[in-house]
Amino acid sequence: MAQVTDDMVETFQRDGVVLVKGLWKDWVETIRAGIERNMDEPGPYAAENLKPGEGGRFFDDYCNWTRIPEFREVIEKSDVAEVAARLMRSPTVQVFHDHVLVKEPGTSKPTPWHQDGPYYFVKGSQTISFWSPVDPVTEATLRCVAGSHRWPKEVLPKRWLADTNFYADPEAYMPVPDPDAEGMDIREWAMEPGDAVAFDYQTLHGARGNTAATRRRAFSLRLVGEDARYVERPGRTSPPFPGHDMQPGERLREDWFPYLVRRPA
Numbered sequence: 000m001a002q003v004t005d006d007m008v009e010t011f012q013r014d015g016v017v018l019v020k021g022l023w024k025d026w027v028e029t030i031r032a033g034i035e036r037n038m039d040e041p042g043p044y045a046a047e048n049l050k051p052g053e054g055g056r057f058f059d060d061y062c063n064w065t066r067i068p069e070f071r072e073v074i075e076k077s078d079v080a081e082v083a084a085r086l087m088r089s090p091t092v093q094v095f096h097d098h099v100l101v102k103e104p105g106t107s108k109p110t111p112w113h114q115d116g117p118y119y120f121v122k123g124s125q126t127i128s129f130w131s132p133v134d135p136v137t138e139a140t141l142r143c144v145a146g147s148h149r150w151p152k153e154v155l156p157k158r159w160l161a162d163t164n165f166y167a168d169p170e171a172y173m174p175v176p177d178p179d180a181e182g183m184d185i186r187e188w189a190m191e192p193g194d195a196v197a198f199d200y201q202t203l204h205g206a207r208g209n210t211a212a213t214r215r216r217a218f219s220l221r222l223v224g225e226d227a228r229y230v231e232r233p234g235r236t237s238p239p240f241p242g243h244d245m246q247p248g249e250r251l252r253e254d255w256f257p258y259l260v261r262r263p264a
């Protein structure tokens, strides 16, 4: 299993983000194959995140692991669930969803600063995302603001392409900050294929554009722990999972969001 030290667990709990070296180093080719299949056979949520005239290509898609065998294999057979359980300090781990993000060479558009949590219909102190490149990255790596998972108010979610508010009531959220201008504690790492950044759903994060001559393909996996519960949001969530029939306060239904780890609390 990828090494997870006590210090890494403490860092994740305190800062909401930690680097896990080599999490998927034995799965890089499998993930690459899955990303190519995903791009060749995009799902219903696939998006191109560039406006006319913007150079490069910024592709993303999510919720495909049940139909892309490479993603299913990585999720079910790698050590990621045990790593998640340790970092979250949770006796249980459920799948939430997968996410592919590809910035082709010459894509100068950044990934805007955002928290994932406000887009989702799940909330809790035990949540975790893994962002893992399958290409070496330096400038286009993930950037996370340490401690932002403990902010008292969520950051306003916005649509990436249109730059409009995701929900109708922006007053319920804090404005999107500018971490560079405001001198926030930004964590970022040069990463090798198979390394992963683990971060809480409430951790503010973004990424620069890919001005390199090489691709930047990244695979993300979102998991939840024991205290995660379904919550109502003031509009359609992303992902929406239509027809889920869950009620506020319920655990995510395990036939749609299966357990990877399930131990007594």
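Reminder that position 14 of the sequence shown reads as 13 in numbering that gives the first Met the number 0, one-by-one numbering, no gaps.
Think of the CB as a built atom: it goes at the ideal place given N, C-alpha and C, for glycine as much as any other residue.
Neighbour-count burial assignment, D199, 16 or more Cβ in a 10 Å radius: Label assigned to D199: buried.
Where the alpha helix (DSSP H) through Q12 begins and ends: For Q12, the enclosing alpha helix (DSSP H) starts and ends at D5 to D14.
N-terminal and C-terminal residue of the alpha helix (DSSP H) that D39 is part of: Note, D39: alpha helix (DSSP H), V27 to D39.
For A1, three-class secondary structure by DSSP: In the structure shown, A1 sits in coil (DSSP, three-state: anything other than H, G, I, E or B).
Neighbour-count burial assignment, K50, 16 or more Cβ in a 10 Å radius: Classification of K50: exposed, given that the 10 Å Cβ count is below 16.
R71 - containing alpha helix (DSSP H), residue span: P68 to K76 is the span of the alpha helix (DSSP H), which, as asked, contains R71.
Collapsed DSSP secondary structure at A167 in the structure displayed: Coil at A167, not helix or strand.
Contact belief for K108 with G208 at Cβ below 8 Å, rounded distance in angstroms: Rounded, the Cβ-Cβ distance is 5 Å, consistent with contact.
At least 3 beta-carbon pairs within less than 8 Å: the region 56-73 vs the region 91-107: The region 56-73 is in contact with the region 91-107.
Closest Cα partner of A217 within the set Y44, S128, R13 and P68: The shortest C-alpha separation from A217 is found at S128.
Spatial neighbours of K152 in its chain, beta-carbon cut-off 6 Å, leaving aside the 5 residues before and after: Shown here for K152: same chain residues with a beta carbon closer than 6 Å to its own, the five before and five after excluded, namely M173 in chain order.
A227 vs T126 beta-carbon contact at 8 Å: Closer than 8 Å, so yes.
Cβ pair count under 8 Å reaching 3, the region 81-99 against the region 3-18: In this structure the region 81-99 lies against the region 3-18, because at least three pairs of beta carbons, one per stretch, are closer than 8 Å.
Contact check, K24 vs G234, beta carbons under 8 Å: Not a contact, by the Cβ cut-off of 8 Å.
Where P132 falls: helix, strand or coil (DSSP): Note: P132 maps to strand in three-state DSSP.
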